[in-house]
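Asks:
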Amino acid sequence: MLEAIGVPSIEALFERQIPEGVRLRRPLGLPDGRSEQDVYAHLRELARKNVSAEDELSFLGAGMYDHYVPALVDMLMERSEFLTPYTPYQPEISQGGLQVMFEYQTAISELTALPVSNASVYEGPSAVAAAGYLAKLHNGGRRFVVSAGLHPHSIETLRTQAHGYGMEVVEVPLRDGVTDPEAWAGAMDAETSAAIFAQPNFYGAVEDAAALSAAAKEASKASFGGDGAGFGRPGEPIVIAQVDPITLGILEPPGECGVDVAVGEGQPLGNRLDFGGPSFGFFAAREEYLRRMPGRIAGETTDVDGRRGFVLTLQTREQHIRREKATSNICTAQALNALGGVVYLTWLGRRGIVELGELLLARTHYARETLSVLEGVEPLHSQPVIREFALRLDADVAEVKRRCAAAGINPGVDIQALTGREEDRGGLLVAITEQRSRADIDRLAEVLGATVAAVGRQGHTARTAESTSAAVPA
Amino acid sequence: MTPPVTELPLQRERARTIFEKGASGRRAFMCPELDVPQVNGEALPERFRRKEPPRLPEVSEPEIVRHYVGLSKRNFDLDSGFYPLGSCTMKHNPRLHERVAALPGHARLHPLQDPARAQGALELMWNLQAALAEIAGLPHVSLQPSAGSHGELAGVLLTRAYHEAKGEHRHKVLTPDTSHGTNPATVTMAGLEVVKVATNPDGGVDLEDLRAKTDSDVACLMLTNPNTLGLFDQNIQEIAAIVHEVGATLYYDGANLNAVMGLSRPGDMGFDIVHFNLHKSFTQPHGGGGPGSGPIAVSDRIAPFLPRPLVVRDDDGAFDLDFGRAGAESKSIGRLRGFQGNYGCFVRSYAYICSLGGDGLRDASETAVLNANYLLARLREKGVAEHLPLAYGELCLHEFVLSGGPMKKTLGLKTLDLAKRLLDFGFHPPTVYFPLLVDEALMVEPTETETKETLDAFADAIAEILREAAEEGPEIARNAPYTTPVRRLDEVGAAKNPVIRQALS
Amino acid sequence: MAEANYPQDLLYHPEHDWARIDPAGEGGSDFIATLGITWYAQDALGEVVFFDPPAVGTTLVKDEPYAEVESVKAVSDVLAPLSGEIVEVNGDLAGDPGAINEDPYGEGWLVKIRIAEPAEREALLDADAYSATLGG
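Protein chains in written order, with the numbering used here: chain A, 1 to 474; chain B, 475 to 979; chain C, 980 to 1115.
1) State the start and end residues of the unbroken alpha helix (DSSP H) segment that holds L602/B.
2) Could you pull out every unbroken alpha helix (DSSP H) segment of at least 4 residues lying fully inside the region 627-674 of chain B, listed in chain order?
3) Between K970/B and chain C, is any beta-carbon pair separated by less than 8 Å?
4) Alpha carbon to alpha carbon, how far is G456/A from G721/B?
5) Please report how far the alpha carbon of A628/B lies from the alpha carbon of L1061/C, in whole angstroms.
6) Do the region 864-872 of chain B and the region 42-51 of chain A touch if we need at least three Cβ pairs shorter than 8 Å?
7) Put Q319/A into one of helix, strand or coil per three-state DSSP.
8) Could you tell me which whole alpha helix (DSSP H) segments of length 4 or greater appear in the region 345-419 of chain A?
9) Quick check on the burial criterion: 16 or more other C-beta atoms within 10 angstroms. Buried or exposed for M75/A?
10) Ignore the nearest five residues each way along the sequence and tell me which others in T563/B's own chain have a CB closer than 7 Å to its CB.
11) Going along chain C in order, which residues have a C-beta closer than 8 Å to the C-beta of E965/B?
12) Using a Cβ cut-off of 8 Å, which residues of the region 270-292 of chain A contact any Cβ in chain C, in chain order?
13) Quick one: what's got a C-beta closer than 7 Å to S1050/C's C-beta in the same chain, skipping five residues either side?
14) Just to confirm my understanding: we take Q95/A, look at its own chain, exclude 5 residues before and 5 after, and list those with CB closer than 8 Å. What are they?
15) Please state whether the Cβ-Cβ distance between K894/B and A935/B is less than 8 Å.
16) How many Å lie between H320/A and P619/B at the Cα?
17) The beta strand (DSSP E) that contains Y991/C, what's its start and end?
18) Across the region 566-578 of chain B and the region 397-408 of chain A, are there enough close Cβ pairs to call them in contact, namely three or more that are closer than 8 Å?
19) The alpha helix (DSSP H) that contains P578/B, what's its start and end?
20) Per DSSP, what kind of secondary structure is G186/A in: helix, strand or coil?
21) Under 8 Å between beta-carbons, which chain A residues line up against F1029/C? List them in chain order, please.
22) Report the residue from E638/B, A846/B, A771/B whose alpha carbon sits nearest the alpha carbon of L559/B.
23) Give the straight-line distance between the Cα atoms of L849/B and P8/A, rounded to the nearest whole angstrom.
24) For P539/A, which residues of its own chain have a beta-carbon under 8 Å away from its beta-carbon, when the five flanking residues on both sides are left out?
25) For G349/A versus P531/B, is the C-beta distance shorter than 8 Å?
26) Select from A998/C, Y1019/C, D988/C the residue whose C-alpha is nearest the C-alpha of P1097/C.
27) Can you have a look at H645/B and say buried or exposed, based on whether 16 or more other CB atoms are within 10 angstroms of its CB?
28) Provide the residue(s) that pair with A198/A in DSSP beta bridges, ordered along the chain.
29) Span of the alpha helix (DSSP H) holding W1018/C?
30) I'd like the list of long-range same chain contacts for V475/A, defined as Cβ closer than 8 Å, with 5 residues on each side in sequence excluded.
31) Mind checking whether F82/A and L336/A have CB atoms under 8 Å apart?
32) Three-state secondary structure (DSSP) at L269/A?
33) Since F282/A and T491/B should fall inside the 8 Å C-beta cutoff, what is the C-beta to C-beta distance between them, to a whole number of angstroms?
34) Thinking just about the alpha-carbon of each residue, which of E982/C, L989/C, A983/C is nearest to the one in L1104/C?
35) Checking contacts by CB at 8 Å: is M917/B closer than that to chain A?
36) Have a look at N984/C and D1082/C and give me their C-alpha separation to the nearest angstrom.
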């Protein structure tokens, strides 16, 4: 080969092309390579140092959930033809992947009741930020109004990105567990580019989505006049909702609630927990935003012989042609994860998604009722819940969790640790999936009840002692 | 090769979506039994309830399997054939990685698990960070960004934060005119302005143009080295000096890292911020477009601004996640996404790095460069060069760019037609029409995991297609492909009248 | 339209936009110009797939973009060769923007404006001067 190239050695290829001053003249400071067997052993050892949903009874949620993933999803996601191809830029040899995208887009459109969906974006919180960017490009407003019920990671991601393109983010508080309607309406003005809330919200509560959407549009109409920005487009705020896809079998979909753009975390649909990723984010919108959608979109067409086929379309919106004017810089669809999503939805089917929703509703309701009667435990709010609910414990949450862990149970997410909000002190977010049976919930109640009582007593004793003595260790 | 006259079986099979299959009442999912009391109307008030279920398919498991396995057969993939896509680094995806990623200790680990009970995951991330830092020559790493372009956004936001912390508001980002389309889009999203820098006749950055455009309003220069032409910029140290002199940062797009692992390090070249594409050099499978992962490595001065959370290690060796909330006000740019990043990709890339080790990674880059130069030499030999010459330079690193301009004039054959005809030969074509700087560009990157036999076969196919055009005219290629499940598709029609979902009654 | 063509009766902006001034309104308050993109622009774009005109009443500023023309290959800004207020838009292009390629100076017109500053005409090129800028 070297002869064909016309150089004496491989080193010569580098000598002639890379200046000596930037050549690395020592080996990389990394451990030596290992055999497959050894690498497997090492990765298995690392896996053993993790306590997964396989190892404990877990009620962790807050954005990602331990749903049952059927075997056929794994099988399909591991097939070479879905696992290893590149983005379908040569559509003639990518009809499999393109049709999967088309079917996925259809499924998301059905779930959300919005006509237009892309082929997926990275994940939930960055999908919210991408929706914000769409609003900014569309109407040139200066601020985002967001409900405090939006997932904390979504709010943080939105803030990080919004700082980049100069938008203000204004948070509206909750009242009784849902977005405060007066504060929400009061926050809208002529400069509001988008109004964003979550459904169900981060604390598990079902919001009155239709009312929130209507209020956002009404309030801004009052103060708005003249053309906003861009090429003569009006400046009404775009209503964005981050929705939980698994609830859309029984919950009124965003498209029927006046929502313009619906986004969300797709992990509950056939994807693993994987310590937070990869998964996919879904992104659906009203027809008029089609040409502002970020990411990839598969479209139907025909070939020269009249055969039905699919292609990536509206690519001019994307980074590689529009460059500075791109609707986003996203050039990946989470194609493999979206495949998992659409196969899962197909597996659930029209009846299954409703049945699953009803089951989650019943079990979640039961769990909240059962846990709420425990001493030192009360619900954070009494709004309708579907798959997750928030409690307030009269005990240190971290300590309660430590003790539950010893009993093989993870009772839920420490809310304050996630939100950093003072009012969330003592908060525990409990998630229910179809893998958590009644017996599991009863066991949770048993252990949580005992633990809260023990830790609560201890805490109470410590507080009493503190008030009577100068220094008592906590 | 004569195009077939009759339809091939895969062509005869017409596309039907899963929504057009099945029948009422069919199902795959069996819902677990309701083992708790039924809820009454109060649990979820009627006005919040969905009136009509979503019109998902009603199909059985065998139908689902047959449908999607059938679709898989209409897909070309890396396990099946060669993908010489420039700047994509389509190297083999070792199957061990799927096995380890599927271990429940990794796959079923919840992202909000207490760090004390996720020590394996945090150790893996810590080790991966250390390895990437060593490869880049920059000590501080964040694994959070989800893809290359996401890592770029992080890089630009970091640059902004760095300047803002000094009380400066700079507006411009310089990028070469050969840069990947993602860079300008990213810059705009970060609220800055793109200024293009010219390329010199050798394919590197035009130093004079760079000097003229580099002033105190420049925040950053975004480069990849080697660049998209597969050429290492000989002036990189000077470029770094020019940029640093005005206090701007130098950003490295890691798309072409496969050429230099263990041979040259971006940190040593003078870069402040590097992003990696785990789905390129580090074998995360492309999955038909994603998922990917785009970690970043930065210098000391940029480190305070890294996204949170960060993986940290305390004195007793225990790992933890630092969210930057405790104590002093954090300078971090904040979050770019939920949770910690694409851990599933970390597992695979880490397994790859463990398998190869330092010497193995250098070996991979050496072989990648060898393969690219060999393929280039073969393409010259066969008389291909007069129709499809190399656009810049003599040698290349891991990829090279040919120009189809001469071929268009002499044979009436466009790069697009060559690409479509290659499909009939069982190869995925190289990247076409990029970089924009080269007329009728064809960007070729073979990677190190291809054999000499495959490279020879590819060169032969190109030569054959050119010969066919010369002797029989360009019409054959213009109407290619002939043997794929569908033939050339009407992309204009798809854009004019977008149909992006299955219509349902 | 297959071959390059730059009608003599039009004025041209170097960024490949044309204006047809209606002489009837000269000196009055309803001085109308029809605007569009040139043969060169539509050829560079390739087949146009989408054009979404701005609303009637929108104010155009000379040299500023006022709309976008989208093809499969690229999206291009359309620049205003003259300042003015839009009085009419070509609604036929909504269904099929193909006229922009086939008849860029006729059926492919984009908008009509009421000219605000007639003196701005001085800055525009005639057909020969514009063709010269396109090179050989």
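Backbone N, C-alpha and C define an ideal beta-carbon position, used for all residues, glycine too.
In this text the structure is predicted, and so the values were computed from the model without any measurement.
Replies: According to the structure shown:
1) 593-610
2) 656-663
3) yes
4) 56 Å
5) 41 Å
6) no
7) Per-residue confidence for Q319/A stands at a pLDDT of 47, beneath the threshold of 50, marking its modelled position as unreliable; no derived number is given.
8) 397-406, 415-419
9) exposed
10) N732, K754, S755, E919, T921
11) V1051
12) R291
13) L1024, G1025, E1026, V1027, V1028
14) G309, F310
15) no
16) Note that H320/A scores a pLDDT of 46, beneath 50, so its modelled location is shaky and nothing firm can be said.
17) 990-992
18) no
19) 578-581
20) helix
21) R291
22) A846/B
23) 17 Å
24) Examination of residue 539/A is not possible in this model, given that chain A is present from 1 through 474 alone.
25) yes
26) A998/C
27) exposed
28) Q242/A
29) 1018-1024
30) Past the boundaries of the shown model lies residue 475/A; chain A is included only from 1 to 474, so the question cannot be answered.
31) yes
32) coil
33) Wrong, their Cβ atoms sit about 18 Å apart, outside the cutoff.
34) L989/C
35) no
36) 10 Å
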